[in-house]
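K.L.:
Protein sequence lines, in the order shown, are assigned to chains A and B. Numbering-wise (our numbering), the first sequence opens with residue 84 and increments by one. Numbering-wise (our numbering), the second sequence opens with residue 6 and increments by one. Encoded as structure tokens, here's the structure I'll be asking about.
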Amino acid sequence: DVKVTQSSRYLVKRTGEKVFLECVQDMDHENMFWYRQDPGLGLRLIYFSYDVKMKEKGDIPEGYSVSREKKERFSLILESASTNQTSMYLCASSSQGQGAQETQYFGPGTRLLVL
Amino acid sequence: AQKVTQAQTEISVVEKEDVTLDCVYETRDTTYYLFWYKQPPSGELVFLIRRNSFDEQNEISGRYSWNFQKSTSSFNFTITASQVVDSAVYFCALRTRNTGNQFYFGTGTSLTVIP
């Protein structure tokens with residue numbers, strides 16, 4: 084079974100703090116993704132990575148950065164957290180395999196509250 | 006442009022009723038893949054099914070069935086004899102061969118099954 088884990092299920096941070104969200108997958112997947120989920124907006128892609136040290140901006144990268152130093156780990160960084168970054172953050176991974184038909188597998192999510 | 010529309014924001018049904026969740030997609034690509042995910046209250050998105058654009062055969066898996074119709078650009082999901090455990094948010098997603106790694110998600114339908 085594919086396993087995607089996220090470092091925290093719940094986080095509470097203060098405005099201006101630097102926040103690290105960690106994601107690890109154990110299936111040797113090339114692709115990893117960070118989404119945020121907000122009511123009425125569905126899932127929006129923040130960043131994705133298709134290889135170590137490679138990253139691509141998604142639909143809403145502003146205020147975020149990412150790091151992928153190892154294949155299994157993809158970190159999302161909020162350089163200076165703001166209240167509008169309060170959200171559910173979901174990590175996903177997929178194989179490069181057969182391209183577009185490859186399924187994304189998701190972690191349990193991190194609920195971040197910025198005060 | 007790619008787009009997925011789930012017009013039903015919230016649905017409530019009484020246990021054992023059948024329920025259909027609608028998904029309408031837009032793409033100009035001829036090769037694409039459609040997905041359904043379930044997100045229970047625990048938060049993790051669980052993969053349910055993937056269909057490719059060349060296979061319009063409907064699929065049944067236990068109480069779940071999917072109706073893919075290219076003529077109406079729809080990929081609807083029916084749960085037969087609903088159960089309380091089916092209560093969740095359901096997402097439809099689209100990925101095309103020409104959009105690389107990016108998934109396009111609908112905004113989700115929240116299903117509540119009342120005992």
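Heads up, the beta-carbon is just placed ideally off N, CA and C, and yes, glycines get one too. Since the model is a prediction, treat every value here as computed from it, not as a measurement.
What distance in whole Å lies between the Cβ atoms of F103(A) and L50(B), which are believed to be in contact at a cut-off of 8 angstroms?
P.N.:
A Cβ-Cβ distance of about 22 angstroms is found for the pair L50(B) and F103(A), leaving them out of contact under the 8 angstroms criterion.
K.L.:
Counting only Cβ pairs nearer than 7 angstroms, list the residues of chain A close to E49(B).
P.N.:
Those are F189, G190, P191 and G192, listed as they occur along chain A.
K.L.:
At a CB distance below 7 angstroms, what residues from the segment 102 to 129 of chain A approach chain B? Give them in sequence order.
P.N.:
N114, G123, L124, G125, L126 and L128
K.L.:
Determine, for M171(A), whether the minimum Cβ-Cβ distance to residues of chain B falls below 8 angstroms.
P.N.:
Closer than 8 angstroms: yes.
K.L.:
Rounded to the nearest angstrom, what separates N167(A) and S91(A) at their Cα positions?
P.N.:
The alpha-carbon atoms of N167(A) and S91(A) are separated by roughly 19 angstroms.
K.L.:
Go through its chain and collect everything with a Cβ distance to F80(B)'s Cβ below 7 angstroms, but skip five positions before and after it.
P.N.:
C28, Y30, L39, R56, W71, F73 and C97
K.L.:
Do the segment 106 to 124 of chain A and the segment 152 to 159 of chain A touch if we need at least three Cβ pairs shorter than 8 angstroms?
P.N.:
yes
K.L.:
Using a cut-off of 8 angstroms between C-beta atoms, extract the partners of F96(B) located in chain A.
P.N.:
G125 and L126
K.L.:
With 8 angstroms set as the bound, which would you pick, yes or no: does the beta-carbon of T112(B) sit closer than that to a beta-carbon of chain A?
P.N.:
Residue contact with chain A for T112(B): present (Cβ-Cβ distance below 8 angstroms to some residue of chain A).
K.L.:
Identify each residue in the segment 56 to 88 of chain B for which the Cβ-Cβ distance to at least one residue of chain A is less than 9 angstroms, and report them in chain order.
P.N.:
N57
K.L.:
Is the Cβ-Cβ distance between P122(A) and G48(B) less than 8 angstroms?
P.N.:
no
K.L.:
Where DSSP assigns a beta bridge to S176(A), which residues make up the other side?
P.N.:
M115(A) and Y188(A)
K.L.:
Indicate whether at least one CB of chain A lies closer than 8 angstroms to the CB of Q13(B).
P.N.:
no
K.L.:
Starting from the C-beta of D23(B), find all residues in its chain whose C-beta is less than 6 angstroms away, skip the five residues before and the five after it, and write them out in chain order.
P.N.:
T85
K.L.:
Can you tell me where the beta strand (DSSP E) with V149(A) in it begins and where it stops?
P.N.:
Looking at the DSSP string, the run of the beta strand (DSSP E) that includes V149(A) is S148 to K153.
K.L.:
I'd like to know if Q107(B) contacts chain A, where contact means its C-beta is closer than 8 angstroms to some C-beta of that chain.
P.N.:
Chain A, which has a Cβ nearer than 8 angstroms to the Cβ of Q107(B), makes this yes.
K.L.:
Where do the ends of the beta strand (DSSP E) carrying R102(B) lie?
P.N.:
No beta strand (DSSP E) contains R102(B), which DSSP labels as neither H nor E.
K.L.:
Which partner residues of G125(A) appear in the DSSP bridge assignment?
P.N.:
D121(A)
K.L.:
Which stretch, first to last residue, makes up the beta strand (DSSP E) that contains F82(B)?
P.N.:
S79 to I84
K.L.:
Can you tell me which of the three DSSP states T166(A) falls into?
P.N.:
In the displayed model, T166(A) falls within a helix according to three-state DSSP.
K.L.:
Use the C-beta contact count for D134(A): other C-beta atoms within 10 angstroms, 16 or more gives buried, fewer gives exposed.
P.N.:
exposed
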